[in-house]
Amino acid sequence: MALPVRKNRVPPPPLCPLTLCMALLRGAWAPNVIWSLSGQPRRFGELRVDIPQISARVLSARLRELEAKGVVSRRVMPTSPPSVEYELTPLGQELVPALLAIVEVGRKLNIREPHTLPGPGARSRRRAGAPGQQKEATTHRPGRQALLSSLPDER
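For the sequence shown, our numbering gives the first residue as 9, with consecutive numbering after it.
Shown next as structure tokens:
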């Protein structure tokens with residue numbers, strides 16, 4: 009006979025800070041954008057060079073999202089034509105040590121099981137085939153490998 013489940017008298021906690029932070033880092037390419045801005049302010053075109061796999065549309069969306077959350081600031085430069093620079097806010101700078109720690113764990117995991125990290129270009133692709141034929145798909149979150157490979161080997 010199963011015991012009845014008792015109701016918890018403690019109110020649920022407010023949104024967990026860990027959940028909020030991980031939701032921010034979970035966004036596609038967000039860790040890469042934060043990483044690229046960690047050294048110095050960058051213009052949009054420079055970020056496209058820093059992260060060549062990202063599309064302009066996704067980069068623009070990620071920058072807007074990070075700006076809305078207070079992680080990135082956007083500054084319009086008084087030049088002709090106008091230029092925009094993005095940089096990490098103090099809150100954004102606080103994420104850099106967390107990214108470094110995640111990358112270190114990723115390196116250790118890669119040393120233990122080097123086949124678990126997908127290489128660049130392992131994105132899911134739809135392939136044309138006969139109707140009803142199974143399409144090959146792989147799962148990969150773009151950007152994680154790029155983040156790992158962008159770190160210097162020695163610190």
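Where is the CB? At the ideal position from N, CA and C, for every residue including glycine.
Boundaries (first-last residue) of the alpha helix (DSSP H) holding residue i
{"i": "E112", "result": "P98 to R120"}
{"i": "L30", "result": "The amino acid at residue 30 is misidentified as Leu; the sequence shows Met. Run containing M30: P25 to R34, per the alpha helix (DSSP H) assignment."}
{"i": "I42", "result": "A38 to L45"}
Integer-rounded CB distance, given that residue j should sit under 8 Å from residue i
{"i": "T97", "j": "V80", "result": "7 Å"}
{"i": "S44", "j": "L55", "result": "6 Å"}
{"i": "A36", "j": "V66", "result": "7 Å"}
{"i": "G78", "j": "L103", "result": "11 Å between Cβ atoms; not a contact."}
Enclosing beta strand (DSSP E) for residue i [first to last residue]
{"i": "V80", "result": "V80 to M85"}
Residues sharing a beta bridge with residue i, DSSP
{"i": "V92", "result": "V84"}
Coil, strand or helix - residue i by DSSP
{"i": "R65", "result": "helix"}
{"i": "R51", "result": "strand"}
{"i": "A76", "result": "helix"}
{"i": "L71", "result": "helix"}
{"i": "V57", "result": "helix"}
{"i": "P21", "result": "coil"}
Nonlocal neighbours in the same chain, by C-beta distance under 8 Å from residue i, ignoring five residues either side
{"i": "R82", "result": "L71, E75, V92, E93 and Y94"}
{"i": "P89", "result": "none"}
{"i": "E73", "result": "G35 and A38"}
{"i": "R50", "result": "S44, D58, E93, Y94 and E95"}
heavy atom of the ligand SAM below 7 Å from residue i C-beta
{"i": "A64", "result": "Of ligands this structure carries none, so the ligand SAM is not represented either."}
Residues near residue i by beta carbon distance below 6 Å, same chain, minus five either side
{"i": "V41", "result": "R70"}
{"i": "S46", "result": "V104"}
Sequence-distant residues of the same chain with beta carbon closer than 7 Å to residue i, five excluded per side
{"i": "L23", "result": "none"}
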